[in-house]
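A short write-up of the structure that comes next.
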Amino acid sequence: MGELRISEKKSRAFTSGLPQCLADAGVLAFNVVSGCPVDCHYCKYQTKDPSRADVVHLYTLLGQQARDELASLARRGSLPNMVLFNTVSESFFGNALANRVAGEALEALFSAGVYVNLTTKGIMPRSVMDIASRYPHLITVTVNVASLSESFHRLFEPRVAMPDDRFHMIRRLRELGVPVRGRIEPLVPTENDSAKDLEPLLARFREVGVKDVVVAYLHYGVDVANRLARRVSRVQTALLGPWYRGPNGETVHLVDKEYRKRKYTEFKQIAQRYSMRLLVCACRNADIYSGRCFVMPAPIQGPEKKKLL
Ligand code: SF4
2 MGELRISEKK
12 SRAFTSGLPQ
22 CLADAGVLAF
32 NVVSGCPVDC
42 HYCKYQTKDP
52 SRADVVHLYT
62 LLGQQARDEL
72 ASLARRGSLP
82 NMVLFNTVSE
92 SFFGNALANR
102 VAGEALEALF
112 SAGVYVNLTT
122 KGIMPRSVMD
132 IASRYPHLIT
142 VTVNVASLSE
152 SFHRLFEPRV
162 AMPDDRFHMI
172 RRLRELGVPV
182 RGRIEPLVPT
192 ENDSAKDLEP
202 LLARFREVGV
212 KDVVVAYLHY
222 GVDVANRLAR
232 RVSRVQTALL
242 GPWYRGPNGE
252 TVHLVDKEYR
262 KRKYTEFKQI
272 AQRYSMRLLV
282 CACRNADIYS
292 GRCFVMPAPI
302 QGPEKKKLL
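Per the working numbering, the very first residue in the sequence shown carries number 2; after that it's consecutive.
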């Protein structure tokens, strides 16, 4: 990781910068750090300002700030319906302070009765798993494992926790009664999107008790293409480029629609064989799917809601 800068607070703990379908559903985003210590080569969120790519900001008082902001939202009757935790960064990168802040923020959200969708490629510490286990009705943890292959790991996401460690964490979360979903993202054409790649990966998820898995292809575009060009071999980018070329030779964000449809159908059939449900991320495939592929909370019951407000 590059430089870690410690401050006290962010300008705002919760933000609304999310796709429209989520914003319309009253969803807010929460990130423990600004900038991402995991720094995956394909990440579209880390493309904005390459000069600051190596700086990660961590905020010591963010847990308390989250609590204060939630209290203020509750007073105004506008608590979010759900908070997405880790939308543009990874909290669980093996830093004790980040783990503590993540735990405090989760405690604040749960005591306000706010439902959390937490996505991670890292390893949640036992202390945070224990917090989640006390509120299983208020959380879904989505664990992203894009591939079991070591070469994929080395090539695209060298700082992501090893798949075996993530599956071990899932098993532990399931034992604690925490709902877990799988996520397979990004699918990269010819790198990890064959039946030979998907089948053992789905089998591993199933083995540790995960029945729902969300999938999505790499979101490319010029920014990601430039980032990859700086970080992976020329041969690799030369192989990838043609998959993301439009009819006039322009760089496009998504692999061809018909190709994706065919692949998603194939993956759904594999999932069925394992008695699993494979969902396609609608936010990343708006040209094919509509609706929501994330877990929305059940409406909060009267007495619990009254207590919050
Ligand atoms: S962990 Fe997520 S947010 Fe962080 S660099 Fe990787 S893809 Fe981006």
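Note that the Cβ used here is the ideal one computed from N, Cα and C, for glycine as well. Here the structure is a predicted model, which means the values were calculated and not measured.
Query, Result
"Residue from H154, E259, R6 whose Cα sits closest to the Cα of Y60", "R6"
"Residues surrounding ligand 1 [beta-carbon distance to nearest heavy atom under 6 Å]", "C37, V39, D40, C41, C44, Y46, Q47, V89, S90, E91, K122"
"Range covered by the alpha helix (DSSP H) that runs through D55", "From DSSP, D55 is part of no alpha helix (DSSP H); its letter is neither H nor E."
"Span separating the alpha-carbon of V84 from that of V39", "21 Å"
"Selected residue, minimal CA-CA separation from R13, among V33, G210, N193", "V33"
"Buried versus exposed call for V214 [16 or more other C-beta atoms within 10 Å across all chains shown]", "buried"
"In DSSP terms, what M182 is bridged to", "The residue you asked about is not Met; residue 182 is Arg in the sequence shown. BP columns for R182 point to T143."
"Close-in-space but distant-in-sequence residues of the same chain around Y221 (CB under 6 Å, 5 per side omitted)", "Y245, H254"
"Proximal residues to R278 (C-beta, below 8 Å), its chain only, five neighbours per side dropped", "K212, D213, V214, A272"
"Element boundaries [beta strand (DSSP E), containing N118]", "116-121"
"Nearest to A230 (by Cα), restricted to the options C44, G36, I171, G27", "C44"
"Local Cβ density within 10 Å of P20, reported as buried at 16 or more and exposed below that", "exposed"
"Own chain residues within Cβ distance below 8 Å of E200, not counting five before or after", "I271"
"Contact the region 105-117 vs the region 147-162: 3+ CB pairs below 8 Å", "no"
"Contact set for A204: own chain, Cβ-Cβ below 8 Å, skip 5 residues either direction", "Y275"
"Start and end residues, beta strand (DSSP E) containing I7", "4-8"
"Segment limits, alpha helix (DSSP H) that includes N277", "Looking at the sequence itself, residue 277 is Met, so the reference to Asn does not match. From DSSP, M277 is part of no alpha helix (DSSP H); its letter is neither H nor E."
"F31: first and last residue of the uninterrupted beta strand (DSSP E) it sits in", "28-31"
"DSSP-derived helix/strand/coil call for L309", "Because the pLDDT at L309 is just 36, under 50, the model does not fix this residue reliably, and the point stays unresolved."
"Cα-Cα separation, K11 to R77", "21 Å"
"Collapsed DSSP secondary structure at S73 in the structure displayed", "helix"
"Runs of alpha helix (DSSP H) lying entirely within the region 188-259, each at least 4 residues, in chain order", "196-208, 222-232, 235-241"
"Nearest-angstrom Cα separation, counted from H42 out to G3", "14 Å"
"Contacting residues, own chain, Cβ-Cβ under 7 Å from K308 (five flanking each side not counted)", "Note that K308 scores a pLDDT of 41, beneath 50, so its modelled location is shaky; the value from the coordinates is reported in the next line. The answer is none, since no qualifying residue turns up."
"Within-7 Å CB hit, W244 to chain D", "Of the protein chains in the structure, only one exists, and it is not chain D."
"G104 beta carbon less than 7 Å from that of S128", "yes"
"Counterpart residues of V34 in DSSP-defined beta bridges", "L59"
"Cβ-based neighbour list, G178, same chain, cut-off 8 Å, excluding 5 preceding and 5 following", "S134, P137"
"Neighbourhood of V216 by C-beta distance below 8 Å, restricted to the same chain and skipping five residues each side", "R184, I185, E186, L188, Y265, F268, L279, L280, V281, C282"
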